[in-house]
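As structure tokens, the structure follows; a few thoughts come after it.
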Amino acid sequence: MSEHASILIVGSGPAGLISALTLRKNGVPVRIVERLKEFNGGVRGPGIQPRTQELLSFLGVLDDVSAIGMKAHQIGKHGVGKEIVAEVPWAEYADDLPSVPYRSITDVNQSAFEGVIRGHLEKLGTHVENGVELVGIEQTDDKVTVKLSIDGEETTEEYDYVIAADGAKGRSRRMLGIPFVGETKEEDVMLLANVECTDIDRDHWHTWGEFGQKLFAMKPISPAPLFQIQSLGPELPRPLPNDTEDYQELLNYISQSTDIKISNVTCASQWRANIRMAEKFGVGRVFLAGGAQGANTGMQDAANIAWKLALVFKGLAKPSLLTTYEAERQPVVAEMLNLTSQLHNHAFHGESTLGAKKDAGREGDPYWRPKTGLQLGINCRWSPIVVDGRDDDQKTVESNAYGVSGDKLRAGDRAPEAPGLIEVPSWVETSVFKLISGYDRHHVLVFAGEEADANVAPFAGYCERAIADVSVITPAGRKLPPMEGVRSFEDRAGHAYEGYEVSASVSAPAYIVVRPDGIIGAYATSVEQVHKYFSAFLV
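Numbering follows the UniProt record's numbering, in which position 275 of the sequence shown is assigned residue number 275; successive positions increment by one, without gaps.
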């Protein structure tokens, strides 16, 4: 147990681990417990979406995660046996822009991913405690009392807050009386298993058969010669397979061949889609993270609640800030479930409402994953704390939780990357994402106007309290006098002014406040608007 832990995290999956790591990066003492006595083995999910990759980069763990990952493969559609008759992309790439550093999904072994994050936690002095189960929870206005079972013995402990990241099968949600909204597709089964194979290449995600009928797929996973089997469809023969011999027979049947041999089937299971979400994201001082389908969604939940908890715990923010967690994340998760439902019906029943790219010949193709799913458009424009000084009524702006194509950048949107910044006077090259990395504070980006008056003195208090750092950015060739406590950068490549939609010829500065989770908290045209943003939640 971490000494004097103030926040308890229940569950050591991706959501729990990212919650813990974010809080520890903020210097908050946490305890993270796991019901299982041993960590999950095997190889399962998740594909790390570009938006999640950005969050992992802010936490300083992306390089280690990428080292164990594999880029998404081309789909190799087979005819009979080994013959590949067509190659198609599995997912649309993000646009090739300086503002988008990660354009595609990275596949990782979830158990290896969790091991990487645990390693970073351990460097900060926090270890996951296995064999510790939450069996009771009560709370008052100022504390949470939990009962934990450790090897059959119960202990009672108090914490300031609890993050319940124990998933759909965990006890936390039920103890809080929070129901699920949505459905489980009991009748639609996908078979999953890990298998060894050396008879096909590792450059494709191999498929035989058809969606909506019967499909057998083998995706390369690390380490070689492992593949993950996915098989689905109403025409799968019954009974469903259980062992290596059964899976070999199923492959032979769907591929209409016996020239591909598999061996050592492990981690065989039957997956059913839980297209549902928790009705509420918390009760009092207990917050659910990962209360819906998908590791990416859970990690983004964690990223949102953790920085807010850190500010409240340190006495820098009002407890009311925590209510914005549900306000910001619930619409995002609801839209994710809508997209998931469409993808599910597409794969299992041949129903297509996704609008695949016609010019790419993908209309109605159940393999296709549009770039909406990369989650780079996820936003919270409707949040009660974001401030956009360019609109009289920001709440009337057209908004969609996954983004509005072609719309301008607004408060509540993902902050764009902007490479090619040159620090003055060291002349070292950096980027916006490198400036805002760390996850322990806001960052005020001041885009200097023609008047060459950055007006950063009013922000000194935020810097002194470690609430925000301030950086001044000027267009190429424009110089400002040195300013104490403020870093200055020349946007030599022009990507920052372009990406943040600031004209280099305007007379007055623009002030863009980037939150610790990489969301634009304020797009301000005055110092007063920056203060308006911070005053909404700071004490």
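All C-beta atoms, glycine included, are put in the ideal place defined by N, C-alpha and C.
Quiz item: Leu354: buried (16+ other C-beta within 10 angstroms of its C-beta) or exposed?
Solution: Note that Leu354 scores 39 on pLDDT, short of 50, meaning its location in the model is unreliable and no value can be drawn from it.
Quiz prompt | As assigned by DSSP and simplified to three states, the class of Asn130 | solution = strand
Quiz item: Does DSSP classify Glu417 as helix, strand or coil?
Solution: coil
Exercise. Using a threshold of 8 Å, state whether the C-beta atoms of Pro46 and Asn296 are closer than that.
Key: yes
Practice problem: Measure the C-alpha to C-alpha separation of Glu484 and Phe313 and round it to an integer number of angstroms. | Solution: 29 Å
Self-check item: Presumed contact (8 Å Cβ cut-off) between Ala165 and Gly16, rounded CB distance
Solution: 3 Å
Quiz item: Which parts of the stretch 274 to 352 are runs of the alpha helix (DSSP H), unbroken and 4 residues or longer, counting only runs that do not cross its ends?
Solution: 295 to 313, 324 to 349
Quiz item: Under a Cβ-count criterion, where at least 16 other Cβ atoms within 10 Å of its own Cβ denotes burial, should Thr156 be classed as buried or exposed?
Solution: exposed
Quiz prompt | Endpoints, beta strand (DSSP E) assigned at residue 540 | solution = Because the chain in this structure spans residues 1 to 539, residue 540 falls outside the shown range and cannot be described.
Practice problem: Kindly indicate the opening and closing residues of the beta strand (DSSP E) around Asn194. | Solution: 180 to 196
Quiz item: Mind checking Ile117: buried by the 16 CB within 10 Å criterion, or exposed?
Solution: buried
Quiz item: Short check: CB of Arg171 to CB of Leu134, under 8 Å?
Solution: yes
Quiz item: Among residues of its own chain, excluding the 5 on either side of Gly449, which ones have a beta-carbon nearer than 8 Å to its beta-carbon?
Solution: Val506, Ser507, Ala508, Pro509, Ala510
Quiz item: Does any C-beta atom of chain D lie closer than 8 Å to the C-beta of Trp382?
Solution: The displayed structure is made up of one protein chain only, and chain D is not part of it.
Exercise. Tell me whether Ser104 sits in a helix, a strand or coil according to DSSP, three-state version.
Key: coil
Self-check item: Euclidean distance between Cα positions of Met299 and Ala20
Solution: 11 Å
Quiz prompt | Identified DSSP bridge partners for Gly209 | solution = Leu215
Quiz item: Is the beta carbon of His443 less than 8 Å from the beta carbon of Val387?
Solution: no
Quiz prompt | His495 burial status per 10 Å Cβ neighbour count (16 or more: buried) | solution = buried
Quiz prompt | Cα-Cα separation between Ile422 and Pro458, rounded to whole angstroms | solution = 24 Å
Quiz prompt | Residues near Ile378 in its chain [Cβ-Cβ closer than 8 Å; skip 5 each side] | solution = Arg51, Gln300, Val332, Ala401, Tyr402, Gly403, Arg414
Quiz prompt | Classification of Thr474 by the beta-carbon crowding that lies within 10 angstroms, buried from 16 upward | solution = buried
Quiz item: Which residues share a DSSP beta bridge with Tyr402?
Solution: Tyr402 pairs with nothing; no bridge assigned.
Practice problem: Classify Val80 as buried or exposed, calling it buried when 16 or more other Cβ atoms lie within 10 Å of its own Cβ. | Solution: exposed
Quiz item: Where does the unbroken alpha helix (DSSP H) through Val120 begin, and where does it stop?
Solution: It should be noted that the sequence gives His, not Val, for residue 120. Element bounds for His120: 110 to 123.
Quiz item: How would you write the range of the beta strand (DSSP E) that Ile436 sits in, first residue to last?
Solution: Element bounds for Ile436: not the beta strand (DSSP E) but the alpha helix (DSSP H), 432 to 436.
Quiz item: Thinking C-beta only, is Ser104 closer than 8 Å to Lys71?
Solution: yes
Quiz item: If we count the other Cβ atoms within 10 Å of its Cβ and call it buried at 16 or more, is Lys261 buried or exposed?
Solution: exposed
Quiz item: Can you list the beta strand (DSSP E) stretches of 3 or more residues lying completely in the stretch 28 to 72, in chain order?
Solution: 30 to 34
Quiz item: Given that a residue counts as buried once 16 or more other Cβ atoms are within 10 Å of its Cβ, and exposed if not, what is Asp440?
Solution: buried
Exercise. Within its chain, find whatever has a CB closer than 6 Å to the CB of residue 566; leave out the 5 residues flanking it on each side and keep chain order.
Key: Residue numbering for the chain in the displayed model covers 1 to 539; residue 566 lies beyond these limits and cannot be assessed.
Exercise. With distances taken Cα to Cα, identify the nearest neighbour of Arg24 among Val424, Gly438, Pro419, Glu490.
Key: Gly438
Practice problem: Let me know the secondary structure DSSP gives Phe534 once reduced to three states. | Solution: helix
Quiz item: Expressed to the nearest angstrom, what Euclidean distance is found between the alpha-carbon atoms of Val539 and Gly282?
Solution: 23 Å
Quiz item: Roughly how far, in whole angstroms, is the beta-carbon of Asp107 from the beta-carbon of Gly69, given that I think they are within contact range, below 8 Å?
Solution: 6 Å
Quiz item: Below 8 Å between beta carbons: does that hold for Val428 and Val446?
Solution: no
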